[in-house]
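Visitor:
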């Protein structure tokens, strides 16, 4: 109010939450999201069934997938969704951990806020604790030999133990698939290895079981040959990879041709056929015997290609086109005029094979031996999607260990060890920051607590026993979730994780918590009114068409 007159700064309908109320609202949203994901953590973690507006079902315990499919609305919760996605993109594992840890860090911060500790003090304490946690993590880590297949097998085992494929007879099959894939695509660079996961394509096909899955040294595409007279098998394949249609281009505008004589129509059709024949002759002249295109292939073009003995595949996805080009050494050609013999790719074999009830194209013995395809089989789409996520997590884990060949104990061991060291560090600090560092250490202990709960163990009793063991120097004492007991050295039962995953999880969770604690004002714009929305949509239509009558004209 100014001199009795209200001053409007924000648009009508805008909501504003500020101060402690804003921080608490954000903390509550993060806590709720963490609470949802808690039960999915670890080998005994439970799955979530997510049903979208169209009735499509996703069943998973992958943190990033759950938060993505949930379509979260609250802005603070959306921030945690982004953190889970970043974790998934960066290291491919630990997505549930990062959300649960971020939610717990905020829950502990809320208790400090209740004691009138300023958010800035908590942030400073959390920042110091994060720096020390990463320092301790490097001290605890144990170097491993990535040349040893047994070490890699144990890492895959730990990664998939909490996943769908980590139980049952298919577990060993998946471990072998992932291990063989990494051995093919890993390139020695100096003392370490470089692993480019873009060289791996995962193709899914319903039918059979996961035990029927296999590794193909090459590229597999879910397409079939376009014409029955074309060869189904081509050896020493010279492959033309096109981003151009093998058909006569249609004009942009709608056109009409008035024909007064049947000869005119015949000449018109003959000219079309001639143009298509010239396209096929151009391809054949380069020596190509396989054509793979992202666009369509006209029926007449199919006929001429078949006569030349050229195998053709059409409407292949852009991502597959790029993988084929990379694998075979081909250049993606966007205009047939530019096609030259040196643009062709090479593969020892291109063959159409029956997989289940469908046919697929197998391109094997390609120029780039690093290109591989994992062909997954399964009873239904839901199972195949989850298996694909699990295999990608395992591939990421091996990539991480090859990037930085160090491991730490799983089963909550590393979190308890860091928490104990942070408590000692907190005693060296003065003032309220000490409380923030202690709160951070308590938040880390949520991981063994959740693992114990999921195994049906007494959470408090488990935590106290773990603290006792770590105080005695058992740095890898952790929860054996499968047998429901505590191990003095969790690595002896092959439960360990790459240091990169833990580093990224702790960093991402801490940064997310700090970001939310910094927010003290949430200003939400009012949703658009119905009339404004309709008006906006009409405006868009006019812009697209050029006039309200649309942009197509008949001549």
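Numbering (my numbering), first residue to last: -2 to 552. No residue lacks a Cβ here, since even glycine has one placed at the ideal position from N, Cα and C.
1) Let me check understanding here. Comparing Cα to Cα, which of 349, 207, 299 lies closest to residue 232?
2) Apart from the five residues on each side of it in sequence, which residues of its chain come closer than 6 Å, Cβ to Cβ, to residue 3?
3) Taking only three categories from DSSP, how would you classify residue 26?
4) Cβ of residue 289 within 9 Å of Cβ of residue 172?
5) Quick one: Cα of residue 157 to Cα of residue 170, how far?
6) Can you tell which of 375, 272, 285 has the C-alpha that lies nearest to the C-alpha of residue 210?
7) Inspect the beta-carbon positions of residue 440 and residue 101 and report whether they are closer than 9 Å.
8) Is the CB-CB distance between residue 201 and residue 378 below 9 Å?
9) Out of 433, 85, 367, state which residue places its alpha-carbon closest to the alpha-carbon of residue 65.
10) Going by CA-CA distance only, name the one from 486, 457, 456 that's closest to residue 469.
11) On the DSSP letters alone, give me the boundaries of the beta strand (DSSP E) that residue 230 sits inside.
12) Are there 16 or more other CB atoms within 10 angstroms of the CB of residue 17, so buried, or fewer, so exposed?
13) Where residue 274 and residue 246 are concerned, what is the direct C-alpha to C-alpha distance, given to the nearest angstrom?
14) With distance defined between alpha-carbon atoms, name the residue in 40, 87, 478 nearest to residue 505.
15) If you run the structure through DSSP and keep just helix, strand and coil, what is residue 255?
16) Relative to the C-alpha of residue 405, which candidate in 137, 33, 23 has its C-alpha closest?
17) So what does residue 290 bridge to, in DSSP terms?
18) Excluding the 5 residues flanking residue 510 on each side, which residues of the same chain have their C-beta closer than 6 Å to its C-beta?
19) Just the Cα atoms here: how many angstroms apart are residue 179 and residue 239?
20) Return the Cβ separation of residue 284 and residue 242 in integer angstroms, given the expectation that the two are a contact with Cβ distance under 8 Å.
21) Please name the residue, chosen from 303, 312, 67, that lies closest to residue 53 on a Cα-to-Cα basis.
22) Mind checking who residue 374 pairs with in its DSSP beta bridge?
23) Can you name the residues that DSSP bridges to residue 336?
24) From residue 90 to residue 394, what does the alpha carbon distance come to, in whole angstroms?
25) Okay, do the stretch 161 to 168 and the stretch 339 to 359 touch, 3+ Cβ pairs below 8 Å being the bar?
26) Express the C-alpha separation of residue 451 and residue 481 in angstroms, rounding to a whole number.
27) Less than 8 Å between C-beta atoms, sequence neighbours within five positions excluded: which residues of the same chain meet that for residue 369?
28) Grab me the residues of residue 272's own chain with a C-beta within less than 8 Å of its C-beta, minus the 5 sequence neighbours each way, in chain order.
29) Quick one, are the C-beta atoms of residue 508 and residue 80 less than 9 Å apart?
30) Hey, out of 27, 414, 291, 407, whose CA is closest to residue 321's CA?
31) Quick one: what does DSSP say residue 471 is sitting in, helix, strand or coil?
32) Would you mind working out which of 144, 399, 56, 184 sits nearest residue 47, comparing C-alpha positions?
33) Please go through the stretch 118 to 167 and give each complete alpha helix (DSSP H) segment of 4 or more residues, from N-terminal end onward.
34) For residue 70, count neighbouring C-beta atoms within 10 Å of its own C-beta (all shown protein chains included) and say buried if the count is 16 or more, exposed if not.
35) Between residue 463 and residue 490, which are expected to be in contact by the criterion C-beta below 8 Å, what is the C-beta distance as a whole number of angstroms?
36) Taking 7 Å as the limit between beta carbons, can you name the residues of its chain near residue 426, skipping five residues before and five after?
Guide: This is what the structure holds:
1) If we check each option's Cα against that of residue 232, 349 comes out closest.
2) If we look at residue 3 and ignore the five residues flanking it on each side, it has no Cβ neighbours.
3) Helix, per DSSP.
4) Contact flag unset, no.
5) In a straight line, the C-alpha of residue 157 is about 12 Å away from that of residue 170.
6) Ranking the options by Cα distance to residue 210, first place goes to 375.
7) Taking 9 Å as the Cβ cut-off, residue 440 and residue 101 qualify as a contacting pair.
8) Yes, these two residues count as a Cβ contact at 9 Å.
9) Comparing Cα positions, the closest option is 85.
10) For residue 469, the nearest C-alpha among the options comes from 486.
11) Residues 230 to 239.
12) Exposed, since its Cβ has fewer than 16 Cβ neighbours within 10 Å.
13) In this structure, the CA atom of residue 274 is about 14 Å from the CA atom of residue 246.
14) Checked all of 40, 87, 478; the closest Cα to residue 505 is 87.
15) Assigned with DSSP and collapsed to three states, residue 255 falls in coil, not helix or strand.
16) The alpha carbon of residue 405 has as its nearest neighbour, out of 137, 33, 23, the alpha carbon of 137.
17) Bridge partners of residue 290: 239.
18) Closer than 6 Å at the Cβ level, and outside the excluded window around residue 510, lie 99, 102, 103.
19) Cα-Cα distance, rounded: 30 Å.
20) Actually they do not touch by this definition, with Cβ atoms about 22 Å apart.
21) Here the closest residue by C-alpha is 67.
22) Among the bridge pairs identified by DSSP, residue 374 is matched with 202.
23) In the DSSP output, where bridge partners are listed per residue, residue 336 has none listed.
24) Answer to the nearest angstrom: the Cα atoms are 7 Å apart.
25) These segments do not touch.
26) Approximately 9 Å, taken between the alpha carbons.
27) Only 178, 181, 182, 196, 197, 198, 212, 213, 214, 215 meet the Cβ criterion.
28) In chain order, 245 place their CB closer than 8 Å to the CB of residue 272, counting only its own chain and leaving out the 5 sequence neighbours on each side.
29) In this structure, residue 80 lies closer than 9 Å to residue 508 by Cβ.
30) Comparing C-alpha distances from residue 321 to each of 27, 414, 291, 407 shows the shortest one belongs to 291.
31) In the displayed model, residue 471 falls within coil according to three-state DSSP, outside both helix and strand.
32) With distances taken between Cα atoms, residue 47 lies closest to 56.
33) Those alpha helix (DSSP H) runs which fall completely within the stretch 118 to 167 and span 4+ residues are 146 to 157.
34) Counting Cβ neighbours within 10 Å, residue 70 comes out exposed, since fewer than 16 surround it.
35) Contact between residue 463 and residue 490 does not hold, since the beta-carbon distance rounds to 15 Å and is not under 8 Å.
36) These residues qualify, in order along the chain: 434.
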